[in-house]
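Residues 42 to 166 in the numbering used here are what the sequence shown lists, from first letter to last. Okay, structure first, notes after.
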Amino acid sequence: MSYPRSVLLVDDSKFARLLIRAFIESGFPDWTIDEAAEAESAQQKADARSFDYFIIDFNMPGKNGLELGAIIRQQHPDATVALLTANIQQDIQKQAEALGMDFIAKPPTQEKITAYFSAKEAAHD
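Okay, here's the thing in structure tokens:
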């Protein structure tokens, strides 16, 4: 059983945020979803409240997703952090894994997003 969770979506693309939000809301309608367009805003939101999940785009202005993910992992060690990117280079994946981040390949689909969160929730039960 999935309990209501909170998710912070961090992506400079408003379209990507809206799409992923719709996928999460479809599969997990009781969850709370917040959004940030860049790392600084994401850090402010993460400082103001706790989130169960962070979904972070790799390519953003300012800090990239790995840099932001490292900060989030340090400040919120119990949160689940995933790097969302079209950059599927092994080096990027290894860096994400070394930081304790999951990896979700773009483009996001309903199936990918639902499968990711379902697997994470099953691991919590």
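Idealized CB from N, CA, C, for every residue including glycine.
Straight-line measurement puts the Cα of Glu-66 at about 9 Å from the Cα of Thr-73. Relative to Phe-69, the option among Pro-148, Tyr-94, Glu-138 whose CA is nearest is Tyr-94. Asn-105 and Gln-84 have their C-alpha atoms some 13 Å from each other. When DSSP states are grouped into helix, strand and coil, Phe-144 belongs to the strand group.
Contact between Gln-151 and Phe-56 fails: their C-beta atoms lie close to 15 Å from each other, not under 8 Å.
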